[in-house]
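**Student:** This is the structure I want to talk about, given as structure tokens.
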Amino acid sequence: MAIDYTQVPDLTESQIAALTGLHDADVSKLIINRDDIKQEKLSVQDKLAAAEQIASDARATAATAKEDALKAANDMDGLKTLYEGQLAEATATEKALTKTAQDALKSRDYGTSESNLLNMFHNDHKEVGEALLSKGLKIGYNSEQQPVTTFEHGGQVVATGIDDIKSWAANSSVFKQYLNGVDSSGADTTRSTTSGGKPMTLTEQAIAANKAI
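Residues 3 to 215, numbered by the numbering used here, are exactly what the sequence shown covers, in order.
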């Protein structure tokens, strides 16, 4: 970002020129350093990708060589063992990739539902809301692989769907004191103070709310 040193009082033209030159040089160095860091990061990523590809190619070459050797020796048992091992490895890799994708999907859907439900909490009690929701908010999937949001309380599903959960929360003695439309200190004043009579912090309120359900 350019700095107009002419706006600084009591500077001579030579001082302005010197300061401008120094500033421009510093900015140029920052840009060069930034570009160097970007290039270095890309270089590291490229090297890692290349190393992974080399390792993958080496494994494939070794497997092919072993297969050819077993075929040449007419070792049917050896070939069977080789193929079974390859199948097991491929199956394990596929399962791992599937689980990773499923976990990412569930995390996304949980975040969407949590964000929607947090809107019902008073602005002063968002942290408490997160703590309360974390105790029972669950994400499942129906036969069509559509997300199904439920809330569990006392070991049982008490509400299914965002609207149903909001309705249940509005009638819950634990939840309703933190929802929009109530005093920000909470309807149950005993939950808003510590045993010493001091106001609870948001973290303390969240812990207390967690213990209550």
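Quick reminder that beta carbons are idealized off the backbone N, C-alpha and C, glycines included. It should be emphasised that the depicted structure is a prediction, and the values quoted were computed from it without experimental measurement.
Can you list, in chain order, the residues of its chain with a C-beta nearer than 7 Å to that of S117? Leave out the 5 residues immediately preceding and following it.
**Tutor:** none
**Student:** Locate the beta strand (DSSP E) running through E154, then write down its first and last residues.
**Tutor:** For E154, the uninterrupted beta strand (DSSP E) run begins and ends at P149 to H155, by DSSP.
**Student:** When we look at the beta-carbon of G163 and count the other beta-carbons within 10 Å, is it buried (16 or more) or exposed?
**Tutor:** exposed
**Student:** Would you tell me roughly how many angstroms separate the C-alpha atoms of L135 and E146, rounded to the nearest one?
**Tutor:** 26 Å
**Student:** Taking the continuous alpha helix (DSSP H) assigned at T114, which residues delimit it?
**Tutor:** M78 to L120
**Student:** On the DSSP bridge assignment, give the partners of I141 in chain order.
**Tutor:** T151
**Student:** Quick one: grab the DSSP three-state call for A19.
**Tutor:** helix
**Student:** Less than 8 Å between the beta carbons of K108 and I141, yes or no?
**Tutor:** yes
**Student:** Could you tell me the distance, in whole angstroms, from the CA atom of Q148 to the CA atom of D111?
**Tutor:** Between Q148 and D111, the C-alpha separation is close to 10 Å.
**Student:** With 16 as the cutoff for other CB atoms within 10 Å, does T151 come out buried or exposed?
**Tutor:** buried
**Student:** Do L119 and K128 have their CB atoms nearer than 8 Å?
**Tutor:** No.
**Student:** Using only the alpha-carbon positions, how far apart do A60 and Y143 sit?
**Tutor:** Take the alpha-carbon of A60 and the one of Y143: they are about 40 Å apart.
**Student:** Starting from A172, follow the alpha helix (DSSP H) in both directions and report where the run begins and ends.
**Tutor:** I164 to A172
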